[in-house]
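If you count by mature numbering (1 follows the signal peptide of the UniProt record, and there is no 0), then the sequence shown holds residues -24 to -1, 1 to 609, one letter each, in order. Data first, discussion second: the structure below is written as structure tokens.
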Amino acid sequence: MKATRLASAVVAAAIGLVSLNVLADDVPPPKDVTYPGTLQISVDATDLAHRVFRVHEVIPAQAGALTLLYPQWLPGNHSPSGPIDKFAGLVVKANGQVIPWVRDPLNVYAFHVDVPQGASNVEVDFQYLTPQNPREGRVVMTPEMLDLQWNANAVYPAGYYTRQIKVDASAKFPAGWQFGTALETASRDGATVHFKTTTFNTLVDSPIYAGKYFKRLDLDPGAKAAVHMDIVADDPKDLEIKPEQEKPFHNLVQQMYKLYGAHHYDHYDFLVSLSDKMGGEGLEHHQSSEDGTSADFFTAWDKNALGRDLFSHEYNHSWDGKYRRPADLWTPNFNVPMQDSLLWVYEGQTQFWGQVMASRAGLWNDEQAHDMWAYVAATYDKGRPGLASWRNVQDTTNDPIIAQRAPLPYRNYQSSEDYYSAGQLIWLDVDGKLRELSHGKKSIDDFAKAFFGMDNGSFVTNTYTFDDVVKTLNDIQPYGWAKYLRDRLDGHGPLIGGFEAHGWKLVYTDKPSAAVKAIEARRHFADLTYSLGLSVGKGGQIGDVLWDGPAFKAGLAPSMTVVAVNGRDYDPDALKDAVTAAAKDKSQQIQLLVKDFDQYKTINIDYHDGLKYPHLVRDTSKPDTLTALFKAR
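Next up, the structure:
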């Protein structure tokens, strides 16, 4: 670290901002001791025209070196994705005078100041310049609503565990707006809401959804640990929710309690945005979740079945991820690097339960559930050639750090965060093996209760390792679980064996399921992954091309645009008709005119096996335990 200190000191001296002794040490490592004093953080969230949050902080401090940190490693993102590129206007004062600061050039989330003698605190002002459009990031402020995420709107002192830093926070909202948050209100002063004193880590874990059009649903009336859904919308009509649409969310709470037998909050808030303006979101917190979906989620209920498991997924994280957390994902503050090796449990098992609970709660009917699981199964049967050749599921746990969810060329070959859905299928396989070994007496429900369902009411994070996962499985049903899991995580074999174990099998037909139709409509593309080996979006833009599939071998790439099919203007139905025609007449090729940069070329695809869409069908030679898995408790 000597080079880091020297470089920082040289920069500081060169620009004349601070004395060398300010940067004489690296950023102080966090210690588990109480921070002296309470931070005051005030956010003005009223500048809707410019979409800017304005932040003022008062930070207790003593004379000498002080390092302020902007949160970098964000829980739920599993990556160093703190939006430092949108942090602006930093001014630091002490004793009423502006004092200089310098950003560490090798740790750009760290700001060093020299607190003068006689000062008991520093005052910090800055702005968070929120994205103006999706190209710049997720839009979090519109004329009708906002999402105040504290990690983007606060700095904190280095050298302490964030659980040891107390905070008094407040937020000023546009007049007449209402809000939802897991934070508890202490008082109100006009449009400004003051929250009860909390710790910095809890503050960051407690975002706020506020809006002009607001509705609150009580999902567990009369419960000691209240569960609410706080909804903001683009328009009042979007808040029209029928009783039969609300009921599954009531069911979800009870089904979670039956699964785990415990919960780890004293109240919980689903923070929901119904918006085509604010960016969609799915982000877990211990006592809340950010659930951003389309404006018509309730008013066009039938067409939005695809996204309903968002709620069961994020809610499940209160148990899996927030209460029980991989040991290498737990960090003492938001600037110590995380490790993602166990995301196949954190996210993979949550993806599993998110979809199972969508069925148990009634968010999905049986047909929708089977269609969605078939779609996932096909991905890991034919749709991830990279996992079958050069990558494994374990390696994809590094993807949040590698790509930070940026769009990828040839995602099917690179793979991208496959620990979610591949992890889901591994846990389905585990459930099948538990049932087989125990002759139907044990299932993954037993693992869920044993691993996540202890210490009812406890908020204290309970970490785990791979060995803890294996031990719990062995306690339920002795077996070689370590090898069983490692074979699936580190190998390149198929991952759809869980369906066979549950009495179902994956087949392909020329008829798309309702789920595939919904996915095509939602994403505005034609999904021909399992036939031609490509997907085509709006205007003929090719989305992805299956590695070594028919389209790939013919010379198509994701950068191209389909202009015409067999001599006629591109239309998704025309493309599907051409695939069908080529299956009937083996001498007929599928001819595409494509644009590649400023060049046009004709590409012939020699494919004659027709349209192929995934479905699950019963294998009547085996018991149906999948239906038992999906059945409400």
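Glycine is no exception: its CB is placed at the ideal position from the N, C-alpha and C atoms. Everything numeric in this text was worked out from a predicted model, so none of it was measured.
Which of helix, strand or coil DSSP assigns to residue i
{"i": "Gln327", "result": "helix"}
{"i": "Val436", "result": "coil"}
{"i": "Ile472", "result": "coil"}
{"i": "Asn388", "result": "helix"}
{"i": "Leu15", "result": "strand"}
{"i": "Pro590", "result": "strand"}
{"i": "Ala583", "result": "Strictly speaking, residue 583 in this sequence is Tyr, with Ala absent from that position. Three-state result, Tyr583: coil."}
{"i": "Val229", "result": "helix"}
{"i": "Arg301", "result": "strand"}
{"i": "His346", "result": "helix"}
{"i": "Lys459", "result": "helix"}
{"i": "Asp545", "result": "strand"}
{"i": "Phe274", "result": "coil"}
{"i": "Phe573", "result": "coil"}
{"i": "Ile566", "result": "strand"}
{"i": "Leu286", "result": "helix"}
{"i": "Ala557", "result": "helix"}
{"i": "Phe29", "result": "strand"}
{"i": "Lys7", "result": "strand"}
{"i": "Leu504", "result": "strand"}
Inter-residue spacing [alpha-carbon to alpha-carbon] between residue i and residue j
{"i": "Leu235", "j": "Asp210", "result": "35 Å"}
{"i": "Asp347", "j": "Phe29", "result": "42 Å"}
{"i": "Lys(-23)", "j": "Thr43", "result": "In this prediction, Lys(-23) has a pLDDT of 36, which is less than 50 and means its spatial position is unreliable; nothing more can be read from the coordinates."}
{"i": "Pro51", "j": "Pro150", "result": "29 Å"}
{"i": "Gln263", "j": "His243", "result": "6 Å"}
{"i": "Pro599", "j": "Gly479", "result": "5 Å"}
{"i": "Leu66", "j": "Pro81", "result": "16 Å"}
{"i": "Pro76", "j": "Asn83", "result": "18 Å"}
{"i": "Asp8", "j": "Ala201", "result": "30 Å"}
{"i": "Asn(-4)", "j": "Ala162", "result": "Residue placement at Asn(-4) is flagged as unreliable, the pLDDT there being 45, under the threshold of 50; the coordinate-derived value follows with that caveat. Asn(-4) and Ala162: Cα-Cα distance of roughly 41 Å."}
{"i": "Ala158", "j": "Ser597", "result": "50 Å"}
{"i": "Asp181", "j": "Trp126", "result": "8 Å"}
{"i": "Pro590", "j": "Ser511", "result": "15 Å"}
{"i": "Val570", "j": "Tyr583", "result": "17 Å"}
{"i": "Gln231", "j": "Lys607", "result": "10 Å"}
{"i": "Val116", "j": "Lys560", "result": "51 Å"}
{"i": "Glu290", "j": "Ala303", "result": "20 Å"}
{"i": "Gly113", "j": "Arg387", "result": "20 Å"}
{"i": "Ala477", "j": "Arg360", "result": "22 Å"}
{"i": "Gln331", "j": "Val492", "result": "16 Å"}
{"i": "Glu266", "j": "Ala134", "result": "28 Å"}
{"i": "Phe171", "j": "Asp572", "result": "55 Å"}
{"i": "Leu105", "j": "His468", "result": "44 Å"}
Span of the beta strand (DSSP E), counted from its first residue to its last, around residue i
{"i": "Glu257", "result": "257 to 260"}
{"i": "Gly156", "result": "154 to 157"}
{"i": "Lys447", "result": "Lys447 -> not in any beta strand (DSSP E); alpha helix (DSSP H) instead, spanning 442 to 452."}
For residue i: DSSP bridge partner residues
{"i": "His243", "result": "Ala202"}
{"i": "Glu99", "result": "Val34, Lys69"}
{"i": "Thr269", "result": "Leu250"}
{"i": "Met117", "result": "Leu122"}
{"i": "Ser55", "result": "Leu50"}
{"i": "Ser419", "result": "According to DSSP, Ser419 bridges with nothing at all."}
{"i": "Phe87", "result": "Leu44, Arg79"}
{"i": "Lys191", "result": "Ile207"}
{"i": "Lys148", "result": "Asp20, Thr168"}
{"i": "Pro133", "result": "Leu44"}
{"i": "Tyr185", "result": "Asp123, Gly156"}
{"i": "Val143", "result": "Leu15, Thr174"}
Whole-number beta carbon distance between residue j and residue i, since they are thought to touch under 8 Å
{"i": "Gly324", "j": "Gln380", "result": "That pair is no contact at about 19 Å."}
{"i": "Val555", "j": "Ser507", "result": "6 Å"}
{"i": "Asp342", "j": "Thr372", "result": "Contact doesn't hold; Cβ gap of about 30 Å is too wide."}
{"i": "Ser270", "j": "Asn280", "result": "7 Å"}
{"i": "Ser251", "j": "Gly268", "result": "7 Å"}
{"i": "Pro6", "j": "Tyr189", "result": "41 Å between Cβ atoms; not a contact."}
{"i": "Leu465", "j": "Trp457", "result": "The pair is not a contact, with the Cβ atoms about 12 Å apart (cut-off 8 Å)."}
{"i": "Tyr11", "j": "Ile141", "result": "4 Å"}
{"i": "Val98", "j": "Lys62", "result": "That belief does not hold up - the Cβ atoms of Val98 and Lys62 are roughly 22 Å apart, past 8 Å."}
Beta carbon proximity, residue i to chain D, threshold 8 Å
{"i": "Gln327", "result": "Absent here is chain D; the protein component of the structure consists of one chain."}
The ligand NAD heavy atom lying under 7 Å from the CB of residue i
{"i": "His226", "result": "With respect to small molecules bound, the structure shown includes none, and the ligand NAD cannot be examined in it."}
Endpoints, the alpha helix (DSSP H) within which residue i is located
{"i": "Lys358", "result": "Element bounds for Lys358: n/a, residue is neither H nor E."}
{"i": "Ile378", "result": "375 to 378"}
{"i": "Ile495", "result": "490 to 499"}
{"i": "Asp407", "result": "397 to 413"}
{"i": "Lys529", "result": "526 to 530"}
{"i": "residue 620", "result": "Residue 620 is absent from the structure shown; the chain starts at -24 and stops at 609."}
{"i": "Thr603", "result": "602 to 606"}
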